[in-house]
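Position 60 of the sequence shown, counting from 1, maps to 140 under my numbering, and the rest follow consecutively. Glycine is no exception: its CB is placed at the ideal position from the N, C-alpha and C atoms. It should be emphasised that the depicted structure is a prediction, and the values quoted were computed from it without experimental measurement.
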Amino acid sequence: IGAAVSVITDRVAKFGGAVVKFFSGDLKGAAEDAKAAVSGVVAEISEEVAATNKMVTANQKLRDSQRELNVETAQSVADIEKLKLIAEDITKSYEEREEAATQAFQKETELENKRIALAEEAVRLKQQEVDMSESTAEDLDALAELEINLANVRQESAGRQISLQNFLNGLRQTEKDEKEAQRLKEKQQKLKGLKV
81 IGAAVSVITD RVAKFGGAVV KFFSGDLKGA AEDAKAAVSG VVAEISEEVA
131 ATNKMVTANQ KLRDSQRELN VETAQSVADI EKLKLIAEDI TKSYEEREEA
181 ATQAFQKETE LENKRIALAE EAVRLKQQEV DMSESTAEDL DALAELEINL
231 ANVRQESAGR QISLQNFLNG LRQTEKDEKE AQRLKEKQQK LKGLKV
């Protein structure tokens, strides 16, 4: 209905231009505008309705995907936290801790990529909706909010990934430092054994 009303509104505006030309004495221009205002209305309404239906379907699919991702996020966050506990457990071997941290990093990256893709799709669909019709301030505000959300998702993603990467780098450096300290200790013990 909205698509049909949009087409009719556009046509009424064109017909209004024909009326203005008629009263200003431009009869030929008025006739051309009047003809353009009424010709092809059915075809244009059909195109608008088809485009609107396609957009409605895409928006429903996006909402379904967002709902599924919310459930997946809850489950993944629980898994990531378990992996972080293992990664931070100093009673575990460095190998176990590094493997857990790497798995947490991979899960976090996959989850963030999905969140970014859905936020990008929401922006794309809203931009398409704005481009299809006369945009109101509310439409433009909604688009701006989606763009802000996308930027925030990207920023949060980068922050979490940096945090996990820093943890992983710190873990590797600690392991390297301990191995070096152990090597030096063994070397000093050998030197003491040679002096005796």
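Straight across, the Cα-Cα distance linking Val203 with Ala231 is about 11 Å.
With fewer than 16 other CB atoms across the displayed protein chains lying within 10 angstroms of its CB, Arg263 is exposed. Bounds of the alpha helix (DSSP H) holding Ile196 are Tyr174 to Met212. For Thr153, the three-state secondary structure derived from DSSP is helix.
Here Lys187 really is in contact with Asp159; their C-beta atoms are around 6 Å apart, less than 8 Å.
Contact between Lys206 and Ala222 is confirmed by a C-beta separation of about 6 Å, below the 8 Å threshold. Across the set Asp219, Gln253 and Gln208, the C-alpha of Gln208 shows the shortest separation from the C-alpha of Lys134.
In summary, Ala217 is exposed, with fewer than 16 beta-carbon neighbours lying within 10 Å of its beta-carbon over all protein chains present.
Pairing Gln155 with Thr189 gives a Cβ-Cβ distance that is not under 8 Å.
Between Leu142 and Glu200, the C-beta spacing is not below 8 Å.
Per the coordinates, the alpha-carbon of Lys272 lies some 16 Å from the alpha-carbon of Ala261. Per the coordinates, the alpha-carbon of Gln146 lies some 12 Å from the alpha-carbon of Leu191.
Taking C-beta atoms under 8 Å as the contact rule, Leu251 and Glu178 qualify, at a distance of about 6 Å. In the assembly as shown, Asp113 is a buried residue. Its beta-carbon has 16 or more other beta-carbons within 10 Å.
Asp219 and Thr132 have their C-alpha atoms spaced approximately 15 Å apart. Here the C-alpha atom of Asn139 lies approximately 27 Å from the C-alpha atom of Ala238. In this structure, DSSP gives Asp221 a helical state, which the three-state scheme calls helix. Sorting Val100, Asp257 and Leu198 by C-alpha distance to the C-alpha of Asn150 places Leu198 at the top.
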